[in-house]
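As structure tokens, the structure follows; a few thoughts come after it.
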Amino acid sequence: DGGGIRGLSTIAILRELMDRLAMKRNVPVVHPWQEFDMIGGTSTGGLLAIMLGRLRMSIDECEEAYIDLSERIFTANRSKGNIVGRGLDFINIRGKFPTESLEACVKDVVKSKGLPEDELLYNISDDGCKVFVSAIRAEDGGNTVIRSYINPEMPNPMRRYCRIWEAGRATSAASTFFDPIAIGPHQVMYVDGALGLNNPIRLVDRESRDIWPDSDRIFISIGTGTDPGTSLDGNILQLAQRIKEIATETERTHEGFYRDNERTLVLNKRYFRFNVEGLERIGLEEYKARSAIYAATATYLETGIAGTMIKELTATLTSREWISVSKSGPRS
1 DGGGIRGLST IAILRELMDR LAMKRNVPVV HPWQEFDMIG GTSTGGLLAI
51 MLGRLRMSID ECEEAYIDLS ERIFTANRSK GNIVGRGLDF INIRGKFPTE
101 SLEACVKDVV KSKGLPEDEL LYNISDDGCK VFVSAIRAED GGNTVIRSYI
151 NPEMPNPMRR YCRIWEAGRA TSAASTFFDP IAIGPHQVMY VDGALGLNNP
201 IRLVDRESRD IWPDSDRIFI SIGTGTDPGT SLDGNILQLA QRIKEIATET
251 ERTHEGFYRD NERTLVLNKR YFRFNVEGLE RIGLEEYKAR SAIYAATATY
301 LETGIAGTMI KELTATLTSR EWISVSKSGP RS
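Each residue of the sequence shown is one higher than the one before, counting from 1 in full-length UniProt numbering.
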């Protein structure tokens, strides 16, 4: 899911899972791009998908890049004006995204992996982890899935021209509060897909089914906290309402997917949803709140249902049954 600086919680959850898998398999390290056949994300969740899947970054590399991106963007914001206490993503009091800072950061991340800054998101080799991010066409509100791969059941025109940094910008260009981005020869305008698609689980379901229609699949969905539960006034009331709508929609998407698959994926331990409690009061732009995010995530994973889920997920992914299945189909 999207979630601004709270995406560090996503990284922490993935680190715990990768560490557990490495220990179970008696190997030094397991990377997300090695474990997952597909990673999809929206907004800052889309940025994480690109870094972990398309750029094949390690958890440590991704965390460092994400923190650097956050600090550079938020510092740029603070030099221009006060920060909204509970912004949707990276946003200042005037409701404008620091576009140049984000673009420069994503290009730097791409170059750090030895690729040209204008590298396409589409991976011509089409091997390994497949990645997509979601965005919305500004003109008609239609959903767009920007892929690193070819989906044989869907049109894929953007593979010819969409750069990695453009995909990152498109999925993060939050509606009326951020500048949209024009991509491609026809300069189609895109904004992020947070409202309605902040939890991209149904897109992952569709995309993976199109690619592997006859394969067993495991879904791991990671949220970034629940309803911010804050009160805003002045010229950002609309923003506050939008945040609440996104938080509500995100959990409703999970609940609907859970109900629809309760007798199949859920019963067979093929769907796992992690969403840390205690992040509600951390503003999405508060990059200095890292310790609170990590502490809340550690507590969440050590106790209750989440603690049981991470153990069950690790056991499932290291079971002989699943290893046998993964040799002829997607791993997870």
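Each residue gets a CB set at the ideal place from its N, CA and C atoms; glycine is no exception.
It should be emphasised that the depicted structure is a prediction, and the values quoted were computed from it without experimental measurement.
| field | Alpha carbon of arginine 147 to alpha carbon of asparagine 198, nearest angstrom | value | Start at 1 with the first residue of the sequence shown, and residue 147 comes out as number 147. Start at 1 with the first residue of the sequence shown, and residue 198 comes out as number 198. C-alpha separation (whole angstroms): 17 Å.
| Could you give the distance in angstroms between the alpha-carbon of tryptophan 165 and the alpha-carbon of isoleucine 50? | As a first step, residue 165 must be located in the sequence shown, where it is residue number 165. As a first step, residue 50 must be located in the sequence shown, where it is residue number 50. Spanning the two alpha carbons is a distance of roughly 9 Å.
| Comparing alpha-carbon positions, which option in Met38, Ser101 and Thr303 lies nearest tyrosine 66? | Numbered from 1 along the sequence shown, position 66 holds the residue referred to as residue 66. Tyrosine 66 has its Cα closest to that of Ser101, out of Met38, Ser101 and Thr303.
| Rounded C-alpha distance that separates cysteine 62 from tyrosine 294 | Taking the first residue of the sequence shown as 1, we reach residue 62 at position 62. Taking the first residue of the sequence shown as 1, we reach residue 294 at position 294. So the two alpha carbons sit approximately 15 Å from each other.
| query | Which word fits isoleucine 136, buried or exposed, when buried means at least 16 other C-beta atoms lie within 10 angstroms of its C-beta? | reply | For the purposes of this step, residue 136 is taken as residue 136 along the sequence shown, with counting starting at 1. So isoleucine 136 counts as buried.
| query | Cβ of methionine 38 within 8 Å of Cβ of cysteine 129? | reply | Walking along the sequence shown from the start, residue 38 turns up at place 38. Walking along the sequence shown from the start, residue 129 turns up at place 129. Closer than 8 Å, so yes.
| task | Please state if the CB of glycine 114 and the CB of leucine 48 are separated by a distance shorter than 8 Å. | result | As a first step, residue 48 is located in the sequence shown; it is residue number 48 there, counting from the start. As a first step, residue 114 is located in the sequence shown; it is residue number 114 there, counting from the start. No, the Cβ-Cβ distance between leucine 48 and glycine 114 is not below 8 Å.
| query | Could you give the distance in angstroms between the alpha-carbon of glutamine 57 and the alpha-carbon of threonine 144? | reply | Within the sequence shown, numbered from 1, the residue matching residue 57 stands at position 57. Within the sequence shown, numbered from 1, the residue matching residue 144 stands at position 144. Checking the sequence, you will find methionine at residue 57 rather than glutamine. Approximately 25 Å between the Cα atoms of the pair.
| task | Going by CA-CA distance only, name the one from Ile11, Tyr300 and Gln34 that's closest to leucine 317. | result | Within the sequence shown, numbered from 1, the residue matching residue 317 stands at position 317. Restricting attention to Ile11, Tyr300 and Gln34, the CA atom closest to the CA of leucine 317 is found in Gln34.
| Among Ala104, Thr44, Val30 and Pro185, the one whose alpha carbon lies nearest that of leucine 14 | Within the sequence shown, the letter at position 14 stands for residue 14. Nearest option by C-alpha distance: Val30.
| task | Could you pull out every residue in the same chain whose Cβ sits closer than 8 Å to the Cβ of valine 110, ignoring the five residues on either side in sequence? | result | Within the sequence shown, numbered from 1, the residue matching residue 110 stands at position 110. By the criterion of a C-beta distance shorter than 8 Å, valine 110 is surrounded in its chain by Leu55, Pro116, Glu117, Glu119, Ile164 and Trp165, once the five residues flanking it on both sides are discounted.
| said: Using CA atoms only, rank isn't needed, just tell me which of Asp210, Arg252 and Cys105 is closest to methionine 154. | reply: Reading the sequence shown from its first residue, position 154 is the one you call residue 154. Among Asp210, Arg252 and Cys105, the Cα nearest to that of methionine 154 belongs to Asp210.
| query | What are the partner residues of valine 120, as DSSP defines its beta bridges? | reply | Looking up residue 120 in the sequence shown gives position 120. The residue asked about is misnamed: residue 120 is leucine in this sequence, not valine. Per DSSP, Arg163.
| field | proline 200 classed as buried or exposed, judged by whether at least 16 other C-beta atoms fall within 10 angstroms | value | The residue you call residue 200 lines up with position 200 of the sequence shown. Buried, by the Cβ-count rule.
| query | For the putative contact between alanine 182 and valine 191, defined by C-beta atoms under 8 Å, what is the C-beta separation to the nearest angstrom? | reply | Taking the first residue of the sequence shown as position 1, residue 182 is located at position 182. Taking the first residue of the sequence shown as position 1, residue 191 is located at position 191. The Cβ separation is near 11 Å, so there is no contact.
| Coil, strand or helix - methionine 18 by DSSP | Within the sequence shown, numbered from 1, the residue matching residue 18 stands at position 18. In this structure, methionine 18 counts as helix in the three-state DSSP scheme.
| Exposed or buried, phenylalanine 90, counting other C-beta atoms within 10 Å across all chains shown (16 or more means buried)? | In the sequence shown, the residue the question calls residue 90 occupies position 90. Its pLDDT being 44, under 50, phenylalanine 90 is placed unreliably in this model, and the value from its coordinates should be taken loosely. By the neighbour-count rule (16 or more Cβ atoms within 10 Å), phenylalanine 90 is buried.
| query | Excluding five sequence neighbours on each side, which residues of the same chain lie with their C-beta closer than 7 Å to the C-beta of proline 180? | reply | Taking the first residue of the sequence shown as position 1, residue 180 is located at position 180. Closer than 7 Å at the Cβ level, and outside the excluded window around proline 180, lie Ala138, Ala173, Met189, Tyr190 and Val191.
| DSSP-derived helix/strand/coil call for methionine 189 | Residue mapping note: residue 189 aligns to position 189 of the sequence shown, counting from 1. Note: methionine 189 maps to strand in three-state DSSP.
| said: Just to confirm, is the Cβ distance from threonine 42 to threonine 171 under 8 Å? | reply: For the purposes of this step, residue 42 is taken as the residue at position 42 of the sequence shown. For the purposes of this step, residue 171 is taken as the residue at position 171 of the sequence shown. It is a contact, given that the beta carbons lie within the stated cut-off.
| Paired residues, beta bridge with lysine 130 - DSSP | Along the sequence shown, one-based indexing puts residue 130 at 130. Beta-bridge analysis with DSSP links lysine 130 to Met38.
| task | Mark alanine 306 as exposed unless 16 or more other C-beta atoms lie within 10 angstroms of its C-beta, in which case mark it buried. | result | The residue you call residue 306 lines up with position 306 of the sequence shown. Alanine 306 should be labelled buried.
| How about isoleucine 11 and isoleucine 73: do their beta carbons lie closer than 8 Å? | Within the sequence shown, residue 11 is the residue found at index 11, counting from 1. Within the sequence shown, residue 73 is the residue found at index 73, counting from 1. No, the pair does not count as a contact, with Cβ atoms beyond the cut-off.
| Can you name the residues that DSSP bridges to tyrosine 149? | Reading the sequence shown from its first residue, position 149 is the one you call residue 149. Beta-bridge pairing links tyrosine 149 to no other residue.
| Close-in-space but distant-in-sequence residues of the same chain around methionine 18 (CB under 8 Å, 5 per side omitted) | Residue numbering aside, residue 18 sits at position 18 when the sequence shown is read from its first letter. For methionine 18, where only same-chain residues beyond five positions count, the Cβ hits under 8 Å are Val29, Val30, His31, Pro32, Glu35 and Ile59.
| Just curious, the alpha helix (DSSP H) that arginine 209 is in, first and last residue? | As a first step, residue 209 is located in the sequence shown; it is residue number 209 there, counting from the start. Its alpha helix (DSSP H) spans residues 201 to 211.
| query | According to DSSP, what are the bridge partners of arginine 273? | reply | The residue you call residue 273 lines up with position 273 of the sequence shown. Ser221.
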